[in-house]
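Notes follow the structure.
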Ligand code: FES
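Residue numbers (UniProt numbering): 1 to 150.
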């Protein structure tokens, strides 16, 4: 079945079963591979995108359920001033180690700072808790978010 989905400001057609996770539609059908596969069961955060601005696990979202909602992926993150600022500070703070989880980390951090521009350290830690980093870069991730929040 074909679906029209708003992704990064464009309407894209996806020909896929309605229960295909958005993650696979992005990666396999549209060739947008910035969004990563980690666990596939909504537990790690690697696949995080925004759906109407809300951080959402794309591995657990059937493409047939998106309807008119607006999807934003890491490929368009810099179109948001908050996302652009976070990407810059991410580089300055040398946050990444292996880098695999970082798209999901940035998407979650951008959703947090867009909704709450001045979060406390506890609010940052709570918001980011569901994004797993196997290199344990949590301190630098939280520092980078706190810098943009100032
Ligand atoms: Fe989606 Fe882990 S791949 S939460």
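Heads up, the beta-carbon is just placed ideally off N, CA and C, and yes, glycines get one too. As the structure is a prediction and not an experimental result, all values here were calculated from the model.
| query | result |
| --- | --- |
| Candidates 18, 100, 83: closest to residue 46 by CA position | 100 |
| First and last residue of the uninterrupted beta strand (DSSP E) at residue 57 | 54-57 |
| Local Cβ density within 10 Å of residue 151, reported as buried at 16 or more and exposed below that | Since the first residue shown for the chain is 1 and the last is 150, residue 151 is missing from the structure and cannot be characterised. |
| Other residues of its chain near residue 33: CB distance less than 7 angstroms, five sequence neighbours each side excluded | 27 |
| Beta-carbon gap between residue 54 and residue 71 smaller than 8 angstroms | no |
| Cutoff 8 angstroms; reference residue 42; Cβ partners in own chain excluding five residues on either side | 57, 59, 60 |
| Residue 59 CB to nearest heavy atom of the ligand FES below 7 angstroms | yes |
| First through last residue of the alpha helix (DSSP H) which encompasses residue 111 | 102-115 |
| Residue from 88, 79, 23, 124 whose Cα sits closest to the Cα of residue 109 | 124 |
| Three-state secondary structure (DSSP) of residue 49 | strand |
| As assigned by DSSP and simplified to three states, the class of residue 17 | coil |
| Cβ contact (3+ pairs, closer than 8 angstroms) linking the stretch 78-88 and the stretch 130-148 | yes |
| Selected residue, minimal CA-CA separation from residue 106, among 98, 62, 78, 120 | 78 |
| Residues bridged to residue 71 (per DSSP) | 7, 51 |
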